[in-house]
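Q: I'd like to ask you about the structure that follows.
So, in structure tokens, the structure goes:
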């Protein structure tokens, strides 16, 4: 049914119906075997990868955030890269543990409601859709209104690819006209099995208040400690590249550099060699004023380039400038530059020692970003250990850029676009979000009593190999052939502009029927 | 326990049934009591109706698709409720806001070639309009229908149907309304040979006859014959339309563009009566020649048009179409499993989408099954003109759980009906032995 109550906001009843359709799709998809699932996953990744560049351009055009070539890289990482990373993790087939006399049968969440942000729009759509498909879930994507067009198009392209590869019809859907009342309605609808909330704090809190299971994560505010033992040249390169990557729209980008006095001047020179511009105190004040008018971050500057921000602040910088370095003395909450900055401006604080540096990094995380991520450049494992134990984050990336490193690209962390901030960051998830978070397991447990023999489950497969469209087209029962297979036209659900497509289907049906009549 | 409905009340269900007999329709009232289905529908919500006793029934009768979208569908209810702040029935003489809006919506979603809409307030009236339109366009009088057809009870419509309903009121007119056997193209051609036929009227799947499916090529053949002998093809989509077969209009699955298409029932959303006739340019001549040629005060009542606009919108959604395909697949497969358990009893499944007729091996088999379904919380009706066949019509917005629940109940009820029929046969055989 189409849900409760009259007088719902425009679009809400239809969006609720998307959830209902998703339930049908999830019910079918939950019976697919591993190979049938991966045929779908590969096909979707192929299309996602092929359109990586196109959507990168479109996303920057539509949102004004970020850098096209970096978004293209990210889109590839989040399609082909994700698939390669999780290919060997079977989240479909039953698992047998003879020693503990356990069998585990996968039970997908069902309907995933995926809220995606404006900063990493397409890459997040890619990741959430692929994670859902790998685990046999249906997914309804609700894109951020600022990136609505590109995300809608991307989700549709993935949906078509999925269905063409045999996925159930409606397994990937997208909300055309997202609005606050609509998202609220979807989040609290009992047909939503889990919400994946990526976005601002209000969205995440709303997801957790919805009454439905939710996975949302807190914001970042990433300290990067460079101690005297670091390989400065390498560290500078990694740091500038990470900070400049997609103009810092990843929540894993470095926010405040904490550098040991002994190497600070040298390190700043290295940073400048890599394309960073060190602001004078007077320039720094102008940049701070532009970034934080009335002490609040101006979201219009999210993902803008260093040059554009400098220009806005009336600061002359070389045209190739990738990052602005904004030195300040004390990490305290009344210093705006100590907060999260989703743009290529890096706060810089000098400290007397690594130990003082660790305290400064801890202070950065008191201001924001608890549970998120931190970076350290050091060759001293004792410092790394002390740092990791002190900073209240759930991932510390060492001698690598934070932007991609904390997201699991170029490190051993799980590749993702959603960084769990754990209990300390008011999240139900402490790891990088990965496919296995979208599936439960029914555990079949035998008595430990030695007289109870654990039988062999080898080769027992509860799932089906699927061929042909799901559901099959409803052909009249007297047209079903003796073999049991009805003639099936390719169904078109994708829909809005579909008269032509529908005519095509009608034509196919007629052809099918005619051939049967003749035969 | 008393039953207070605000402006009226009853002290008990027994009193209600007694008054129903006294003041309304003794024949109908008694029929259902005697049939073991003493249903007086009280509360209704979604695909459930509740008897006065409080018993809940899953409705797969849906009054022939009237409750396609469920009872009191929230979207339709909200639309009509809101509309009542601005609209009423409207004035049928003048250009009308809501009539025009619904007409445009019907035409833009219809098979190509249907360009105008004429409104009625019920299916019968719409059929009469279709017949009158065909007669005007062709200047011929005869209308051919199939034996055991059912197109309604109004003046002309009743003539196209089974004698049972026309002779009762001395309204049979065999010279104007020849009936030919279904699925018999030769008989159809014989009826059309004289080129004196205005139209063939055809339910895409004859509902009241138990949904016998047109044989492959039959409807297509009828359409060709219509073209050859200059008769119009009237598609009665009252029960098969509005996405019940997985396409908006079932006739399009046959690749047929009818000259006239009739819709009703579900178009109302179950909330405000309305029916509509979609006509081709060729047939629409009278609307220009004498636009007042057919007048209906309530035809296309504006509140009904609002209900129709919303119902049509919901039916046409890709989500709905997709769900119908899922429901059709799940229920169809489930019924075939049940059938496999009772091959001598449950002898056939006629299915096109969620239009389903279940055949049983007893002249009144569907009545047994109907009663056992009723006892197990499901309301489905036998086919009036072929009581071997149960009409089984799941809604187009059913949830997976509801479908599974329906199948569980049907399984039990079909088995019990079989036991009853077998028991009765056994007893008879024992007596005769």
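Protein chains in written order, with our numbering: chain A, 1 to 519; chain B, 1001 to 1433.
No residue lacks a Cβ here, since even glycine has one placed at the ideal position from N, Cα and C.
(1) Check this for me: beta carbons of residue 217(A) and residue 404(A), under 9 Å apart or not?
(2) Reducing DSSP to helix, strand and coil, say where residue 204(A) ends up.
(3) Return the CA-CA distance between residue 1380(B) and residue 1411(B), expressed in angstroms with no decimal places.
(4) So with CB distances below 7 Å, who are the chain A contacts of residue 1400(B)?
(5) Below 8 Å on the Cβ atoms is my guess for residue 167(A) versus residue 40(A); work out the distance and round it to an integer in Å.
(6) Check whether the region 1091-1099 of chain B touches the region 1310-1327 of chain B, taking contact to mean three or more Cβ pairs, one atom from each stretch, closer than 8 Å.
(7) Just to confirm my understanding: we take residue 1111(B), look at its own chain, exclude 5 residues before and 5 after, and list those with CB closer than 6 Å. What are they?
(8) What does DSSP give as the partner residue(s) for residue 1179(B) in the beta ladder?
(9) Return the chain-ordered list of same chain residues with a C-beta closer than 8 Å to the C-beta of residue 5(A), the five sequence neighbours on each side being excluded.
(10) Name the chain B residues whose beta carbon is nearer than 8 Å to that of residue 20(A)?
(11) Mind listing, in chain order, the continuous beta strand (DSSP E) runs of no fewer than 3 residues lying wholly within the region 1149-1200 of chain B?
(12) Classify residue 1310(B) as buried or exposed, calling it buried when 16 or more other Cβ atoms lie within 10 Å of its own Cβ.
(13) Name the residues in the region 150-177 of chain A whose C-beta lies less than 9 Å from a C-beta of chain B; which are they?
(14) What residues of chain A sit near residue 1328(B), judged by a beta carbon separation below 8 Å?
(15) Using a Cβ-Cβ cut-off of 8 Å (strictly less than) and excluding sequence neighbours within five positions of residue 1053(B), which residues of its own chain qualify?
(16) Ignoring anything shorter than 4 residues or poking outside the region 386-452 of chain A, list the alpha helix (DSSP H) runs there in chain order.
(17) My guess is that residue 1278(B) and residue 1231(B) are in contact by the Cβ rule of under 8 Å, so how many angstroms apart are they, rounded?
(18) What are the residues of the region 388-404 of chain A that lie near chain B, defined by any Cβ-Cβ distance shorter than 8 Å?
(19) My output table needs one value for residue 1032(B): the three-state DSSP class, helix, strand or coil.
(20) Over what stretch of residues does the alpha helix (DSSP H) that includes residue 1388(B) continue unbroken?
(21) Which residues does DSSP list as the beta-bridge partners of residue 18(A)?
(22) Are the beta-carbon atoms belonging to residue 1180(B) and residue 1146(B) less than 9 Å from one another?
(23) Could you spell out the range, first to last residue, of the beta strand (DSSP E) harbouring residue 1451(B)?
(24) What would DSSP say about residue 1056(B), mapped onto helix, strand or coil?
(25) If you compare alpha carbons, which of 83(A), 61(A) and 453(A) is closest to residue 37(A)?
(26) Using a Cβ cut-off of 9 Å, pull out every chain B residue sitting near residue 13(A), in sequence order please.
(27) Which first and last residues belong to the beta strand (DSSP E) in which residue 1351(B) is found?
(28) Run through DSSP, which three-state label would residue 1024(B) get?
(29) Put residue 1115(B) into one of helix, strand or coil per three-state DSSP.
(30) Does the Cβ of residue 1135(B) have 16 or more other Cβ atoms within 10 Å, making it buried, or fewer, making it exposed?
(31) Given that residue 1349(B) touches chain A, what residues does it touch there, using C-beta distances under 8 Å?
(32) Return the first residue and the last residue of the alpha helix (DSSP H) that residue 88(A) is part of.
(33) Give the straight-line distance between the Cα atoms of residue 432(A) and residue 350(A), rounded to the nearest whole angstrom.
(34) Please report the straight-line C-alpha distance between residue 1027(B) and residue 1061(B), rounded to a whole angstrom.
(35) In chain A, which residues lie less than 8 Å from residue 1183(B) when you measure between Cβ atoms?
(36) Distance check for residue 1038(B) and residue 1008(B), CA to CA, integer angstroms please.
A: From the atom records:
(1) Within the first chain, numbered from 1, the residue matching residue 217(A) stands at position 217. Within the first chain, numbered from 1, the residue matching residue 404(A) stands at position 404. Cβ distance not < 9 Å, so residue 217(A) and residue 404(A) don't count as in contact.
(2) Taking the first chain and counting its residues from 1, the one referred to as residue 204(A) is at position 204. Three-state result, residue 204(A): helix.
(3) In the second chain, residue 1380(B) corresponds to position 380, counting from 1. In the second chain, residue 1411(B) corresponds to position 411, counting from 1. Straight-line Cα distance between these residues: approximately 14 Å.
(4) If you number the second chain from 1, residue 1400(B) lands on position 400. Result: 23, 24 and 27.
(5) The residue given as residue 167(A) occupies position 167 in the first chain. The residue given as residue 40(A) occupies position 40 in the first chain. Indeed, because the Cβ distance is near 4 Å, the residues count as touching under 8 Å.
(6) no
(7) By one-based count along the second chain, residue 1111(B) stands at place 111. Same-chain partners within the cutoff: 1252 and 1257.
(8) As a position in the second chain, residue 1179(B) is number 179, starting the count at 1. Per DSSP, 1145(B).
(9) Taking the first chain and counting its residues from 1, one reaches residue 5(A) at position 5. Note that residue 5(A) has pLDDT 47, beneath the 50 cutoff, so the model's placement of it is unreliable and no number is given.
(10) In the first chain, counting from the first residue as 1, residue 20(A) sits at position 20. The contacting residues are 1319, 1323, 1397 and 1399.
(11) none
(12) The residue labelled residue 1310(B) in the question sits at position 310 within the second chain. It counts as buried.
(13) 168, 169, 170 and 173
(14) Working through the second chain from its first residue, we reach residue 1328(B) at position 328. Correct list: 471 and 474.
(15) Counted from its first residue, the second chain places residue 1053(B) at position 53. Correct list, in chain order: 1013.
(16) 402-405
(17) What you label residue 1278(B) is simply residue 278 of the second chain in a count that begins at 1. What you label residue 1231(B) is simply residue 231 of the second chain in a count that begins at 1. 18 Å between Cβ atoms; not a contact.
(18) none
(19) As a first step, residue 1032(B) is located in the second chain; it is residue number 32 there, counting from the start. The answer is helix: DSSP assigns residue 1032(B) an H, G or I state.
(20) On the second chain, position 388 is the one that residue 1388(B) refers to. From DSSP, residue 1388(B) is part of no alpha helix (DSSP H) but of the beta strand (DSSP E) over 1386-1392.
(21) To locate residue 18(A), count along the first chain from 1; it is residue 18. Looking at the DSSP assignment, residue 18(A) forms no beta bridge with any residue, so it has no partner.
(22) Your numbering for residue 1180(B) matches position 180 in the second chain. Your numbering for residue 1146(B) matches position 146 in the second chain. Contact flag set, yes.
(23) Residue 1451(B) lies beyond the residue range present for chain B, which begins at 1001 and ends at 1433; the question has no answer from this structure.
(24) Here residue 1056(B) corresponds to residue number 56 of the second chain, with the count starting at 1. It is a strand residue.
(25) Here the question's residue 37(A) lines up with position 37 in the first chain. Ranking 83(A), 61(A) and 453(A) by Cα distance to residue 37(A) puts 83(A) first.
(26) Sequence index remark: in the first chain, residue 13(A) carries index 13 (1-based). Going along chain B in sequence order, the residues near residue 13(A) (Cβ under 9 Å) are 1074, 1075, 1078 and 1314.
(27) In the second chain, counting from the first residue as 1, residue 1351(B) sits at position 351. Its beta strand (DSSP E) spans residues 1346-1352.
(28) Translated into positions along the second chain, residue 1024(B) becomes position 24. Note: residue 1024(B) maps to helix in three-state DSSP.
(29) Numbered from 1 along the second chain, position 115 holds the residue referred to as residue 1115(B). In the structure shown, residue 1115(B) sits in a strand (DSSP, three-state: E or B).
(30) Numbered from 1 along the second chain, position 135 holds the residue referred to as residue 1135(B). Under this definition residue 1135(B) is a buried residue.
(31) Translated into the one-based positions of the second chain, residue 1349(B) becomes position 349. Within chain A, the residues near residue 1349(B) are 477.
(32) The residue you call residue 88(A) lines up with position 88 of the first chain. Taken as a continuous stretch (DSSP letters only), residue 88(A) belongs to no alpha helix (DSSP H), as it is neither H nor E.
(33) As a working note, residue 432(A) is residue 432 in the first chain. As a working note, residue 350(A) is residue 350 in the first chain. Computed Cα separation, rounded: 31 Å.
(34) Counting from 1 along the second chain, the entry for residue 1027(B) is found at position 27. Counting from 1 along the second chain, the entry for residue 1061(B) is found at position 61. So the alpha carbons of these two residues sit roughly 21 Å apart.
(35) Your numbering for residue 1183(B) matches position 183 in the second chain. Result: empty, since nearest Cβ-Cβ is about 10 Å, beyond 8 Å.
(36) By 1-based counting over the second chain, the position of residue 1008(B) is 8. By 1-based counting over the second chain, the position of residue 1038(B) is 38. Cα-Cα distance, rounded: 21 Å.
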